[in-house]
Every structure is written in structure tokens, then in C-alpha cells.
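One rule links them: number in this note's numbering = place in the sequence shown (from 1) + 290.
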Amino acid sequence: MCYAILFHASSLVLLQNMMDYHAASNNWNHASAAVYDMSSVEENTNKVRQKLIETGQMDRLKDLMERRLSEVGWRIDMMAKCREIVQKNGSKTSFEMLFQPLRQVGKDFIV
291 MCYAILFHAS SLVLLQNMMD YHAASNNWNH ASAAVYDMSS VEENTNKVRQ
341 KLIETGQMDR LKDLMERRLS EVGWRIDMMA KCREIVQKNG SKTSFEMLFQ
391 PLRQVGKDFI V
């Protein structure tokens, strides 16, 4: 049960980091624009996400990212952080208690 929660949390952190990275890349490309419209960035992000899902490329991208992150030890580090949090909080550990601190740790490791 604990490993299922840890795996689910690390997978969600991975997907969130992928989406944050995409949004940051999109922000960088439009940094020179005089007027920055956040709704257009979100709209474009949603369009890209939908197209990736429709074509099946989202699964391929997810598999590639998981494989590459495993190669560099990201998954092992994230699991170790999960274990630390679970040991600290014991049976009171919730999904939110895992996800919130791990999101920034995972993002920092990637960027």
C-alpha cells in the first residue's frame, strides 16, 4: 500500500514537473512580448496536452521521461524523500503531505 502511494505521488510529481517545464518554456519564448497574456499560455498548454493525448504521444513522452529520470537516479531520490516523510509522520501521512514538499524537490532536481 505504501509503495503504491509512493509510486503514485512520484508519478504525479513527474507529470506536474513536465507541465511546469512546458509552461516555463512557453513563458521564455514569449518573454519579449510587450503584453503577456497568461490565459493564452494556459490555452496553448491545454491544446498541446490534448493533442499529445489524442495522438498517443503523451504516453510515449511519459515513458521516455520516466526512463530518463530513472537513469539519472531521480526516482530513487524521490522515493528516499517519500520514505523520510513517511518515517517522520508515520501512519498520519497523507497524499498531500507527500506531494507538496516533493513537488519542489522534484522540480529542483530537473531544472
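Note that beta-carbon positions come from the ideal geometry of N, C-alpha and C, so glycine has one too.
Within the continuous alpha helix (DSSP H) that includes residue i, where are the two ends?
| i | result |
| --- | --- |
| Lys-352 | 347 to 361 |
| Lys-371 | 364 to 379 |
| Lys-382 | Segment: none, Lys-382 is in no alpha helix (DSSP H) and carries neither H nor E. |
Give me the Cα-Cα distance between residue i and residue j, rounded to the nearest whole angstrom.
| i | j | result |
| --- | --- | --- |
| Lys-352 | Thr-383 | 27 Å |
| Val-338 | Met-328 | 15 Å |
| Val-376 | Ile-343 | 33 Å |
| Gln-347 | Lys-341 | 8 Å |
| Ile-366 | Ser-360 | 7 Å |
| Asn-336 | Ser-330 | 10 Å |
| Phe-297 | Gln-390 | Low confidence applies to Phe-297: its pLDDT is 49, below 50, so where it sits in the model is not reliable, and the reading given next is rough at best. For Phe-297 and Gln-390, the distance between alpha carbons rounds to 15 Å. |
| Glu-356 | Met-368 | 12 Å |
| Leu-388 | Val-395 | 11 Å |
Please identify the residue among the options whose C-alpha is closest to the C-alpha of residue i.
| i | options | result |
| --- | --- | --- |
| Lys-397 | Asn-379, Trp-364, Lys-378, Glu-374 | Trp-364 |
| Ile-400 | Arg-358, Asp-349, Arg-350 | Arg-358 |
Please state if the CB of residue j and the CB of residue i are separated by a distance shorter than 8 Å.
| i | j | result |
| --- | --- | --- |
| Lys-378 | Leu-392 | no |
Quick one: does residue i have its CB under 8 Å from some CB of chain D?
| i | result |
| --- | --- |
| Asp-353 | Absent from the structure is chain D; it holds one protein chain and no more. |
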